[in-house]
Amino acid sequence: MLTLGRHILRNNLFVAPMAGVTDRPFRQLCKRLGAGYAVSEMVASNAQLWKSEKTMRRANHAGEVEPIAVQIAGADPAMMAEAARYNVANGAQIIDINMGCPAKKVCNVAAGSALLQNEPLVARIVGAVVNAVGVGPDAVPVTLKIRTGWNRENRNALAVARIAGDAGISMLTVHGRTRADLYHGEAEYETIAAVKAAARIPVVANGDIDSPHKARDVLAATGADALMIGRAAQGRPWLFREIAHFLSTGELLPLPRVDEIQAIMNEHLEDHYAFYGEFVGVRTARKHIGWYTRGLRGAHAFRHRMNTLDTTREQLAAVNAFFDGQKAFSERLVYLDETGDDARGESETTDRLAA
């Protein structure tokens with residue numbers, strides 16, 4: 007079992023931080039369905055934003071299963087150090103530094119994966135954050151998430167890994183693409199394997215892990231200590247238990263029963279509504295409902311109708327009616343051709359949201 011400070015992680019399957027996705031209700035659900043660890047949506051290091059509704063919601067960890075890990079993003083070492091202290095004071099037990107987000111609005115302020123272009127600044131940031139919260143009797147583990155480099159001509163994950171290890175970073179996650187790749191093409195794992203071979207700290211592989219077989223193959227290819235799963239868990243949080251079961255037994259679980267997934271969705275939506283409130287909750291739930299129903303019979307038309315519903319009561323009733331209809335065809339989920347009408351319109355949204 008991996009340990010981060012005093013925290014023993016339940017297993018080596020982690021939920022990736024994704025802006026607009028990995029809120030507290032989603033993290034809780036993934037942990038219940040087999041994830042051993044989850045990282046929050048990124049919190050800005052700009053103190054002027056800490057009292058905003060969005061940041062206060064992201065810093066709300068009430069009732070969350072430990073350990074509580076918060077990702078911070080920014081480009082100024084002093085501000086990042088202060089952000090780490092602020093989040094620890096508000097309940098964070100692990101601080102993760104974002105140097106992997108490829109989003110334009112993040113990179114345009116020299117944060118996220120843009121930092122990979124400036125190794126001296128990387129060293130100053132990780133050193134400042136570790137010194138702020140990661141030393142002394144009350145030390146909080148500090149982790150780092152990166153990509154393989156800024157572009158394919160400048161893959162410097164090995165150099166960044168050395169900087170991280172020397173600074174006292176406790177764990178390093180590497181997404182197998184460069185910033186220039188965004189989410190195009192396929193992740194490559196050779197760089198992650200090289201980082202793992204050279205690193206003195208645990209290394210987590212991330213990128214395109216979307217099935218039990220792929221999870222096994224990525225572990226074998228990289229030698230990584232753990233896997234971090236992001237986009238593939240959107241609408242499929244039970245993927246973690248499927249992977250855990252396969253890695254421990256070599257056997258695949260059957261597709262889930264429709265009534266179980268209906269119950270999972272009801273639980274998720276009720277928690278989501280309670281967390282966000284009526285107005286925001288019904289609107290932010292739409293993307294989750296789209297992911298849950300992706301590839302199922304009648305999903306394309308259902309999503310169009312879903313976007314016309316403006317109350318949580320109507321939304322929940324429509325979701326239950328949709329899954330009642332699925333049960334008329336099969337007791338277990340039946341996915342249609344992912345390239346057909348019922349699978350359209352999801353990939354671009356997913357790519358924009360992943361962090």
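Using our numbering, the letters of the sequence shown map in sequence onto residues 7 to 361.
All C-beta atoms, glycine included, are put in the ideal place defined by N, C-alpha and C.
Is it the case that the Cβ atoms of Met234 and Phe32 are separated by a distance below 8 Å? Mapped onto the sequence shown, residue 234 falls at position 228. Mapped onto the sequence shown, residue 32 falls at position 26. For the 8 Å CB-CB criterion, Met234 and Phe32 do not form a contact.
Specify the secondary structure class of Arg311 as computed by DSSP and reduced to three states. Mapped onto the sequence shown, residue 311 falls at position 305. Looking at Arg311 - three-state DSSP - the assignment turns out to be helix.
Element boundaries [beta strand (DSSP E), containing Thr149]: Position 143 of the sequence shown holds residue 149. Counting along the chain, the beta strand (DSSP E) containing Thr149 begins and ends at 148-153.
Is Asn66 closer than 8 Å to Ile78 when the C-beta atoms are compared? One-based indexing of the sequence shown puts residue 78 at position 72. One-based indexing of the sequence shown puts residue 66 at position 60. Cβ atoms of Ile78 and Asn66: not closer than 8 Å.
Is there contact here, the stretch 132-143 with the stretch 198-214, by at least three beta-carbon pairs under 8 Å? Judged by Cβ distances under 8 Å, the stretch 132-143 makes no contact with the stretch 198-214, as fewer than three pairs qualify.
Measuring CB to CB, does Ala205 end up less than 8 Å from Val135? In the sequence shown, the residue the question calls residue 205 occupies position 199. In the sequence shown, the residue the question calls residue 135 occupies position 129. Taking 8 Å as the Cβ cut-off, Ala205 and Val135 do not qualify as a contacting pair.
Could you name the residues of the same chain whose beta carbon sits closer than 6 Å to that of Ala186, not counting the 5 residues immediately before and after it, in chain order? Against the sequence shown, residue 186 aligns to sequence position 180. Answer for Ala186: Asn157, listed in chain order.
CB-CB under 8 Å to Arg338, same chain, minus the five flanking residues each way: which ones, in chain order? The sequence position of residue 338 within the sequence shown is 332, counting from 1. Excluding residues within five positions, the ones whose Cβ falls inside 8 Å are Pro260, Leu261, Pro262, Arg263, Val264.
Taking only the alpha-carbon atoms, compute the straight-line gap between Leu342 and Leu35 and give it to the nearest angstrom. Translated into the one-based positions of the sequence shown, residue 342 becomes position 336. Translated into the one-based positions of the sequence shown, residue 35 becomes position 29. C-alpha separation (whole angstroms): 25 Å.
Is there contact here, the stretch 280-299 with the stretch 316-335, by at least three beta-carbon pairs under 8 Å? With a cut-off of 8 Å on Cβ pairs, the stretch 280-299 is in contact with the stretch 316-335, counting three or more such pairs.
Pro83 classed as buried or exposed, judged by whether at least 16 other C-beta atoms fall within 10 angstroms: Along the sequence shown, one-based indexing puts residue 83 at 77. The C-beta of Pro83 has 16 or more other C-beta atoms within 10 Å across all chains shown, which makes the residue buried.
Look at the alpha carbon of Arg247 and the alpha carbon of Ala221, and state the distance between them as a whole number of angstroms. Locating residue 247 in the sequence shown gives position 241, counting from the first residue. Locating residue 221 in the sequence shown gives position 215, counting from the first residue. If you draw a straight line from the Cα of Arg247 to the Cα of Ala221, it is about 12 Å long.
Ala22 to Leu302, Cα distance in whole Å? Here residue 22 corresponds to residue number 16 of the sequence shown, with the count starting at 1. Here residue 302 corresponds to residue number 296 of the sequence shown, with the count starting at 1. Cα to Cα, the separation comes out at about 25 Å.
Simplified DSSP state of Phe335, which is helix, strand or coil: Sequence index remark: in the sequence shown, residue 335 carries index 329 (1-based). Looking at Phe335 - three-state DSSP - the assignment turns out to be coil, as it is neither helix nor strand.
Starting from Ala95 and walking both ways along the alpha helix (DSSP H), at which residues does that stretch end? Translated into positions along the sequence shown, residue 95 becomes position 89. 83-95 is the span of the alpha helix (DSSP H), which, as asked, contains Ala95.
Sort Lys37, Ala167, Val49, His13 by Cα distance to Ala25 and report the nearest one. As a position in the sequence shown, residue 25 is number 19, starting the count at 1. Closest by C-alpha distance to Ala25, out of Lys37, Ala167, Val49, His13, is Val49.
Taking a contact to mean a Cβ-Cβ separation below 8 Å, would you say Trp244 touches Leu15 in this structure? In the sequence shown, the residue the question calls residue 244 occupies position 238. In the sequence shown, the residue the question calls residue 15 occupies position 9. No, the pair does not count as a contact, with Cβ atoms beyond the cut-off.
Let's test the definition: count the other Cβ atoms within 10 Å of the Cβ of Asn18 and tell me whether it reaches 16, buried, or not, exposed. In the sequence shown, the residue the question calls residue 18 occupies position 12. It is buried - the Cβ of Asn18 has at least 16 other Cβ atoms within 10 Å.
Exposed unless 16 or more other CB atoms sit within 10 angstroms - verdict on Ala239: Counting from one through the sequence shown, the residue named residue 239 turns up at place 233. When all chains shown are included, Ala239 counts as buried.
Hey, how far is the Cα of Glu354 from the Cα of Gly304? Translated into the one-based positions of the sequence shown, residue 354 becomes position 348. Translated into the one-based positions of the sequence shown, residue 304 becomes position 298. Its pLDDT being 35, under 50, Glu354 is placed unreliably by the model, and nothing is read from it.
Report the option in Glu192, Thr197, Val146 whose CA atom is closest to the CA atom of Ala167. Against the sequence shown, residue 167 aligns to sequence position 161. Taking only the C-alpha atoms, the option nearest Ala167 is Thr197.
Measure the CB-CB distance between Asp223 and Val210 and report whether it falls below 8 Å. Stepping through the sequence shown from its first residue, residue 223 is reached at position 217. Stepping through the sequence shown from its first residue, residue 210 is reached at position 204. Taking 8 Å as the Cβ cut-off, Asp223 and Val210 do not qualify as a contacting pair.
If I'm right that Ala129 touches Ile103 with Cβ under 8 Å, what's the distance once you round it to whole angstroms? In the sequence shown, counting from the first residue as 1, residue 129 sits at position 123. In the sequence shown, counting from the first residue as 1, residue 103 sits at position 97. Contact between Ala129 and Ile103 is absent: CB atoms are separated by about 12 Å, not below the 8 Å threshold.
Using a threshold of 8 Å, state whether the C-beta atoms of Thr154 and Ala163 are closer than that. Translated into the one-based positions of the sequence shown, residue 154 becomes position 148. Translated into the one-based positions of the sequence shown, residue 163 becomes position 157. It is a contact, given that the beta carbons lie within the stated cut-off.
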